[in-house]
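Novice: Okay, here's the structure, questions in a sec.
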Amino acid sequence: MKICKVVGSVWATKKDVKLEGAKLMIVMPLYGSQGDPLIAADYVGAGIGERVLVITGSTARFVSAKEGAPIDASIVGIVDSIEIAENEKENFSEVDL
Amino acid sequence: MKICKVVGSVWATKKDVKLEGAKLMIVMPLYGSQGDPLIAADYVGAGIGERVLVITGSTARFVSAKEGAPIDASIVGIVDSIEIAENEKENFSEVDL
Amino acid sequence: MKICKVVGSVWATKKDVKLEGAKLMIVMPLYGSQGDPLIAADYVGAGIGERVLVITGSTARFVSAKEGAPIDASIVGIVDSIEIAENEKENFSEVDL
Amino acid sequence: MKICKVVGSVWATKKDVKLEGAKLMIVMPLYGSQGDPLIAADYVGAGIGERVLVITGSTARFVSAKEGAPIDASIVGIVDSIEIAENEKENFSEVDL
Amino acid sequence: MKICKVVGSVWATKKDVKLEGAKLMIVMPLYGSQGDPLIAADYVGAGIGERVLVITGSTARFVSAKEGAPIDASIVGIVDSIEIAENEKENFSEVDL
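Protein chains in written order, with numbering that gives the first Met the number 0: chain Z, 0 to 96; chain U, 0 to 96; chain R, 0 to 96; chain A, 0 to 96; chain C, 0 to 96.
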């Protein structure tokens with residue numbers, strides 16, 4: 000699971016029928032070197048600019064809202080807060096987004 | 000899920016019987032550092048040069064058109080449009096393809 | 000499976016219903032180049048600063064405590080000790096956390 | 000799925016009983032930065048030097064010849080030909096093997 | 000599947016009940032850039048310094064000895080020998096361990 004920021008959306012009319020109704024958001028990982036953007040299906044009503052929890056891999060198909068869709072990344076939560084131990088803060092810098 | 004560009008095709012006569020009829024396309028990721036090409040099975044009729052949605056991992060076997068094929072990357076949509084929030088555009092540059 | 004250090008926690012009120020009650024910890028891999036932080040669900044009562052065993056991918060859903068949650072990284076053990084063969088120690092340096 | 004070149008073989012007498020009879024080949028990815036070698040089980044009769052299609056992850060267990068073996072990479076085809084669109088050729092250079 | 004070298008062991012008293020009895024070894028990949036260490040469950044009686052075959056991902060749960068344990072990397076064989084085609088040897092150098 001990664002903490003990401005929602006930066007945009009993508010639309011596709013011609014797609015797998017099991018993707019009908021899926022809200023596809025573009026997210027950027029906020030920590031570490033994983034700077035690569037991902038397309039994640041949103042199931043919790045996330046908006047542009049929000050910090051979200053994103054799961055990847057087969058687990059992305061096991062979200063409550065829509066089990067079994069051909070999705071390999073899902074937004075499963077909207078971050079309220081993050082708490083880092085005082086002596087760890089220097090190793091845990093947010094990517095400059 | 001990644002946004003990729005279709006750049007070519009690959010043919011293999013001698014292959015797993017469950018791959019018979021699979022249309023194998025070569026795709027290049029368009030964003031971030033994931034420059035590595037992938038071979039993805041196309042189930043939505045994508046053409047060379049088109050921007051497509053590609054899923055990877057076990058989920059690639061769960062596409063409607065052909066469940067259970069020994070495929071680990073599938074094209075599941077053709078991109079109509081992408082919308083990036085104004086203040087995020089600088090972090091979301093398209094790879095120079 | 001990776002050896003990681005627990006460095007913090009993350010809270011999300013709005014989330015997948017199957018994540019209710021999940022204790023989400025921020026962990027940093029301790030060895031090799033995998034410096035990227037992960038959010039892992041804790042099922043063994045790990046605390047900040049502890050060295051833990053973290054599994055990733057679909058296997059993270061197969062922990063005894065809570066099978067089937069939409070989780071792709073889980074803490075499955077708290078490290079007591081690590082033993083490295085004398086002549087291998089130089090190749091196995093702990094990341095400076 | 001990746002296009003790889005078969006560069007060698009590996010033998011192991013002491014192994015998981017479900018690996019009995021598996022032909023384990025060493026393959027090198029031919030395109031992009033994925034220079035890392037892989038051990039893949041061969042199910043299509045590939046030989047040294049041949050260009051092959053390799054799938055990785057759980058899907059590698061879903062090949063027709065031997066479902067369920069503890070394998071995470073399988074050779075599922077022998078490449079006949081590759082066609083790259085004229086204007087994409089510069090981005091799709093073969094690794095110097 | 001990767002060829003790795005066993006370099007140590009890790010112990011954890013407080014762990015998932017399904018990990019009871021699992022022999023957790025520290026292994027280092029021997030080829031390519033995958034220098035990152037892994038913790039793999041050993042099911043074939045591997046010892047320190049031995050070259051072993053390691054599978055990762057969900058497949059690691061499908062070993063004969065203990066199906067379904069929350070493991071994402073398993074040792075499934077002990078390497079007898081490796082044969083690399085003469086003209087490929089320069090691309091297949093062993094990591095300096």
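Heads up, the beta-carbon is just placed ideally off N, CA and C, and yes, glycines get one too. All figures in this text were calculated on a predicted structure; none of them were measured in a lab.
Keeping to the same chain, check which residues put their C-beta closer than 8 Å to that of L23(Z); ignore five residues upstream and five downstream.
Specialist: S8, V9, W10, A11, I38, A39, A40 and D41
Novice: If contact means a Cβ-Cβ distance below 8 Å, which residues of the segment 51–84 of chain Z contact chain R?
Specialist: L52, I54, T55, G56, S57, T58, A59, F61, V62, S63, A64, S73, V75, G76, I77, V78, D79, S80, I81, E82, I83 and A84
Novice: Go ahead and label S32(C) buried or exposed: buried means 16 or more other beta carbons lie within 10 angstroms of its beta carbon, across all protein chains shown.
Specialist: With fewer than 16 Cβ atoms within 10 Å of its Cβ, S32(C) is classed as exposed.
Novice: Looking at G72(Z): is its Cβ nearer than 8 Å to the Cβ of A64(Z)?
Specialist: In the sequence on display, residue 72(Z) carries Ala and not Gly. For A72(Z) and A64(Z), no; Cβs fall outside 8 Å.
Novice: Distance check for I2(Z) and V5(R), CA to CA, integer angstroms please.
Specialist: 16 Å
Novice: Quick check on the burial criterion: 16 or more other C-beta atoms within 10 angstroms. Buried or exposed for V26(A)?
Specialist: buried
Novice: Could you check the C-alpha separation between K13(Z) and V43(U) for me, to the nearest Å?
Specialist: C-alpha separation (whole angstroms): 7 Å.
Novice: What are the residues of the segment 8–33 of chain A that lie near chain C, defined by any Cβ-Cβ distance shorter than 8 Å?
Specialist: Listed by position, the residues of the segment 8–33 of chain A near chain C (Cβ gap below 8 Å) are S8, V9, W10, A11, T12, K13, K14, D15, V16, K17, L18, L23, I25 and M27.
Novice: What are the uninterrupted segments assigned as beta strand (DSSP E) that are 3 or more residues long and contained completely in the segment 44–93 of chain R, given in chain order?
Specialist: 50–55, 72–77 and 80–83
Novice: On a Cα-Cα basis, can you pick out the residue from A68(Z), S57(Z) and I74(Z) that is closest to G67(R)?
Specialist: S57(Z)
Novice: Can you tell me where the beta strand (DSSP E) with S32(R) in it begins and where it stops?
Specialist: Looking at the DSSP string, S32(R) is not in any beta strand (DSSP E), and its letter there is neither H nor E.
Novice: Taking CB distances under 8 Å as the criterion, tell me whether I47(U) reaches chain A.
Specialist: yes
Novice: Could you list which residues in chain A have their beta carbon closer than 7 Å to that of I38(C), in chain order?
Specialist: Within chain A, no residue comes near I38(C); the closest Cβ sits about 16 Å away, beyond 7 Å.
Novice: Using 8 Å as the limit for Cβ to Cβ distance, is K1(R) near chain C?
Specialist: yes
Novice: Run down chain A in chain order and give the residues with a C-beta less than 8 Å from the C-beta of V43(C).
Specialist: Those are K13, K14 and D15, listed as they occur along chain A.
Novice: Please state if the CB of I47(R) and the CB of A84(Z) are separated by a distance shorter than 8 Å.
Specialist: yes
Novice: Does the distance from the CB of A45(A) to the CB of I70(A) come in under 8 Å?
Specialist: no
Novice: Going by DSSP in three states, E14(R) sits in which element: helix, strand or coil?
Specialist: The sequence given here has Lys at residue 14(R), not Glu. Three-state DSSP puts K14(R) in a strand.
Novice: Where D35(R) and V16(U) are concerned, what is the direct C-alpha to C-alpha distance, given to the nearest angstrom?
Specialist: When rounded, the separation of the alpha-carbon atoms in D35(R) and V16(U) is 40 Å.
Novice: May I ask you to report which of helix, strand or coil DSSP gives M0(U)?
Specialist: coil
Novice: Assuming M0(C) and I81(C) make a contact with CB atoms under 8 Å, what is their CB distance in whole Å?
Specialist: The pair is not a contact, with the Cβ atoms about 13 Å apart (cut-off 8 Å).
Novice: Kindly indicate if chain D contains any beta-carbon less than 8 Å away from that of E66(R).
Specialist: Although the question refers to chain D, the structure presented lacks it and instead comprises the protein chains Z, U, R, A and C.
Novice: According to DSSP, is A40(C) part of a helix, a strand, or is it coil?
Specialist: strand
Novice: I'd like the list of long-range same chain contacts for E89(A), defined as Cβ closer than 7 Å, with 5 residues on each side in sequence excluded.
Specialist: none
Novice: Might you give, ordered along the chain, the residues of its own chain that have their beta carbon closer than 7 Å to the beta carbon of V62(U), omitting 5 neighbours on each side?
Specialist: Y42, S73 and V75
Novice: What is the DSSP secondary structure of G20(Z), counted as helix, strand or coil?
Specialist: coil
Novice: When DSSP builds the beta bridges, which residues end up paired with V26(A)?
Specialist: V5(A) and L37(A)
Novice: CB R50(R) to CB L18(R), shorter than 8 Å?
Specialist: no
Novice: Expressed to the nearest angstrom, what Euclidean distance is found between the alpha-carbon atoms of A21(A) and L52(A)?
Specialist: 17 Å
Novice: Alpha carbon to alpha carbon, what distance is there between D79(Z) and I87(U)?
Specialist: It is Glu, not Ile, that sits at residue 87(U) in the sequence shown. When rounded, the distance between both Cα atoms is 21 Å.
Novice: Measuring from the CB of I25(Z), is there a heavy atom of the ligand HEM at a distance below 7 Å?
Specialist: For the structure depicted, the ligand HEM is absent and the ligand set is empty, with no information on it obtainable.
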